[in-house]
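> The structure follows.
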Amino acid sequence: KKLTIEDIPGVGEATAEKLRENGLDDIMAIATASPKDVSELTGIGEGSVAKIISAARKIADIGNFETGEEIFQKRKDVLRLTTGSNNLDSLLGGGLETQSITEFFGEFGSGKTQIMHQLAVNCTMPEEKGGFNSDVLIIDTENTFRPERIIQMSKYRELDSDEVLRRIHVARAYNSHHQILLGEKASEMAKEYNAKLLIVDSLTSHFRSEYMGRGSLSERQQLLNRHMHDLLRFGTLQNAVIAVTNQVAARPDVFFGDPTAPIGGNIVGHTATFRIYLRKGKAGKRIARLIDSPYLPEGEAVIQVSEDGIID
Ligand code: ADP
Ligand code: MG
Numbered sequence: 002k003k004l005t006i007e008d009i010p011g012v013g014e015a016t017a018e019k020l021r022e023n024g025l026d027d028i029m030a031i032a033t034a035s036p037k038d039v040s041e042l043t044g045i046g047e048g049s050v051a052k053i054i055s056a057a058r059k060i061a062d063i064g065n066f067e068t069g070e071e072i073f074q075k076r077k078d079v080l081r082l083t084t085g086s087n088n089l090d091s092l093l094g095g096g097l098e099t100q101s102i103t104e105f106f107g108e109f110g111s112g113k114t115q116i117m118h119q120l121a122v123n124c125t126m127p128e129e130k131g132g133f134n135s136d137v138l139i140i141d142t143e144n145t146f147r148p149e150r151i152i153q154m155s156k157y158r159e160l161d162s163d164e165v166l167r168r169i170h171v172a173r174a175y176n177s178h179h180q181i182l183l184g185e186k187a188s189e190m191a192k193e194y195n196a197k198l199l200i201v202d203s204l205t206s207h208f209r210s211e212y213m214g215r216g217s218l219s220e221r222q223q224l225l226n227r228h229m230h231d232l233l234r235f236g237t238l239q240n241a242v243i244a245v246t247n248q249v250a251a252r253p254d255v256f257f258g259d260p261t262a263p264i265g266g267n268i269v270g271h272t273a274t275f276r277i278y279l280r281k282g283k284a285g286k287r288i289a290r291l292i293d294s295p296y297l298p299e300g301e302a303v304i305q306v307s308e309d310g311i312i313d
């Protein structure tokens with residue numbers, strides 16, 4: 002029998018409800034949370050929270066080493082979502098992987114939002130066309146979701162655009178706190194909608210504008226870290242693709258090579274399994290570069306951002 006959070010010694014009905022309301026709905030989530038975060042979220046005192054967390058750790062499967070064979074077995078569940086471009090799919094070993102976070106970063110206008118729209122359309126397509134035949138959740142932080150683009154892209158793929166639009170569920174995030182809450186909510190909503198794609202466009206813009214200056218940097222990184230782990234949890238629970246976008250910022254200290262770097266630094270870089278750097282080429286072309294993959298070689302693919310969407 003799968004244990005629920007009520008099985009944690011010291012967690013009664015009222016406490017369980019407070020935890021659940023804040024997205025802490027399984028033992029592992031509580032066992033790996035920081036006492037300070039949980040206390041702030043739930044309003045439960047830090048002392049009580051520390052006891053709950055330590056009790057959760059005793060019954061959670063932390064520190065269970067798995068054999069390579071077991072992990073290989075799980076890897077067999079991984080599905081791939083087409084990007085719409087054969088070139089980019091090949092670079093990624095067949096498309097975007099479920100159970101991982103894929104980050105697209107690049108400067109303004111490099112095509113990040115266009116790719117997110119295309120992924121949303123593709124997710125609704127049948128399996129034999131490289132889709133998941135399932136719904137999509139989008140956390141839109143910059144108000145750049147455009148149904149008109151979904152319709153154009155659907156027509157090109159010969160899909161019923163009304164049906165595609167019905168399967169895409171968009172939430173505007175008004176600030177970073179709201180974005181974090183939506184990330185937590187996504188896990189609950191996923192089951193309701195059977196969503197197998199979660200998009201956050203953009204992952205970092207609110208954090209970047211709200212946490213300026215050196216003093217607030219570590220707080221920002223902590224929150225981003227927590228947010229990304231919520232997203233990853235969604236990906237594992239639902240066997241879903243997580244796609245996020247990220248801007249680049251100028252690095253005044255770099256004189257040679259590329260003078261830009263993705264926002265969020267190490268935290269985002271380490272939590273995203275796949276990172277793709279987009280830059281503009283000629284005539285609607287974009288160059289996508291795969292960086293830091295755990296098992297695929299680095300390389301580049303040329304894609305086109307067109308009226309019809311993302312194509313070769
Ligand atoms: P980012 O999110 O990286 O800032 P976008 O994904 O919004 O950038 O990309 C914007 C670019 O996409 C535009 O500059 C344009 O080149 C291209 N684009 C947007 N809509 C269309 C369209 N309907 N037809 C062709 N290209 C388009
Ligand atoms: Mg954008």
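Going from the sequence shown to the numbering used here is simple: count from 1 and add 1. All C-beta atoms in this analysis are idealised placements derived from N, C-alpha and C, irrespective of residue type, glycine included.
Could you round the C-beta distance between N247 and E143 to whole angstroms and report it? I think they count as a contact, below 8 angstroms.
Between E143 and N247 the Cβ distance is about 12 angstroms, and since that is not below 8 angstroms, they are no contact.
> Put G69 into one of helix, strand or coil per three-state DSSP.
The answer is helix: DSSP assigns G69 an H, G or I state.
> Can you tell me where the beta strand (DSSP E) with K186 in it begins and where it stops?
First-last for K186: 177 to 194, but that is the alpha helix (DSSP H), not the beta strand (DSSP E).
> Let me have the residue list for ligand 2: C-beta closer than 7 angstroms to any non-hydrogen atom, ordered along the chain.
Cβ atoms closer than 7 angstroms to ligand 2 belong to K113, T114, E143, T145, D202, S203, T246.
> Should F66 be counted as a contact of ligand 1 given a C-beta to heavy atom distance under 7 angstroms?
It does not: the Cβ of F66 is nowhere closer than 7 angstroms to a heavy atom of ligand 1.
> Sort T145, L120, V242, L204 by Cα distance to A191 and report the nearest one.
Of the listed residues, the one whose Cα sits closest to A191 is V242.
> Going by C-alpha distance, which of K19, R150, M29, I304 is nearest L4?
Out of K19, R150, M29, I304, M29 has the C-alpha closest to the C-alpha of L4.
> Under 7 angstroms from any heavy atom of ligand 1, does the C-beta of E308 make it?
Answer for E308: yes, Cβ within range of ligand 1.
> Is S91 near ligand 1, with its Cβ less than 7 angstroms from a heavy atom?
False, no ligand heavy atom lies under 7 angstroms from that Cβ.
> Contact check, S162 vs I169 under 8 angstroms by CB: the rounded distance?
That belief does not hold up - the Cβ atoms of S162 and I169 are roughly 11 angstroms apart, past 8 angstroms.
> Looking at S210 and ligand 1, is the gap between the Cβ and the nearest heavy atom below 7 angstroms?
For ligand 1, not one heavy atom lies less than 7 angstroms from the Cβ of S210.
> Need the endpoints of the beta strand (DSSP E) that V79 sits in, please.
Here V79 belongs to no beta strand (DSSP E), and DSSP marks it neither H nor E.
> According to DSSP, is K286 part of a helix, a strand, or is it coil?
Three-state result, K286: strand.
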